[in-house]
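Notes for the one structure printed next.
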């Protein structure tokens with residue numbers, strides 16, 4: 001599913017040309033409450049944001065905004081309880097799906113700063129996982145196979161728990177910033193007129209998503 005998700009994002013990337021109203025790194029200063037809400041209450045905020053997007057676009061609910069095309073996950077499903085199951089069982093996937101939803105419908109592109117912040121967060125998580133893997137292998141060799149590791153390798157003690165806490169904090173901060181950045185766009189769209197997704201983006205998506213997006217009624221949301 002991860003490869004399919006990345007492929008779909010890569011397919012639409014060349015056709016995204018609109019800029020965000022607020023840069024990702026600016027959200028803690030310009031939209032602090034949304035940033036806090038999105039980071040601390042990630043499951044609830046993801047469900048709220050997806051519901052607002054479905055109302056604006058008039059589209060039916062599809063699991064993970066169509067990023068997962070396996071079986072019934074790629075077809076319209078009841079919003080309740082499916083959306084609640086998605087955000088509570090797969091919160092990080094739901095957050096990524098919301099971003100894909102916003103970008104594919106509104107034509108918004110990631111900036112170089114966005115990509116750098118996301119890559120840095122993923123790098124922190126990767127380091128924590130590698131550290132945990134190293135420590136597990138070391139203890140496994142000693143306790144399970146009675147293999148003594150001589151030399152400096154035996155003396156290495158990595159702060160695995162602290163590294164995972166740091167990774168969790170990085171993801172929470174990123175999630176909050178992403179939610180706030182997307183919410184600014186959603187609030188602006190609710191005050192205006194949604195004219196449907198860019199046609200070039202629509203043509204780059206799978207046929208079932210094209211049918212749902214192209215057949216959705218246009219909606220005028222007034223504040």
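In UniProt numbering, the protein residues as written are 1 to 223.
Cβ coordinates follow ideal geometry from the N, Cα and C atoms, glycine included.
When the alpha-carbon of residue 114 is set against those of 191, 212, 128, 20, the nearest one is in 20. Under the 10 Å beta carbon count, residue 161 is surrounded by fewer than 16 other beta carbons and is classified as exposed.
Contact between residue 11 and residue 200 does not hold, since their C-beta atoms are separated by about 11 Å, which reaches or exceeds 8 Å. Our two residues, residue 54 and residue 211, have alpha carbons roughly 15 Å apart in a direct line.
Sorting 194, 209, 174 by C-alpha distance to the C-alpha of residue 25 places 174 at the top. In this structure, residue 177 keeps its C-beta atom at 8 Å or more from the C-beta atom of residue 32. Closest in C-alpha terms to residue 180, from the list 137, 7, 22, comes 22. In the displayed model, residue 33 falls within a helix according to three-state DSSP.
In this chain, residue 109 is not harboured by any alpha helix (DSSP H), its DSSP state being neither H nor E.
At a Cβ-Cβ threshold of 8 Å, residue 198 and residue 213 do not count as neighbours. Cβ atoms of residue 17 and residue 118 stay farther apart than 8 Å, at about 19 Å. In this structure residue 7 is exposed. Its beta-carbon is surrounded by fewer than 16 other beta-carbon atoms within 10 angstroms. Between residue 206 and residue 69 the beta-carbon gap is near 6 Å, inside 8 Å, which marks them as a contact.
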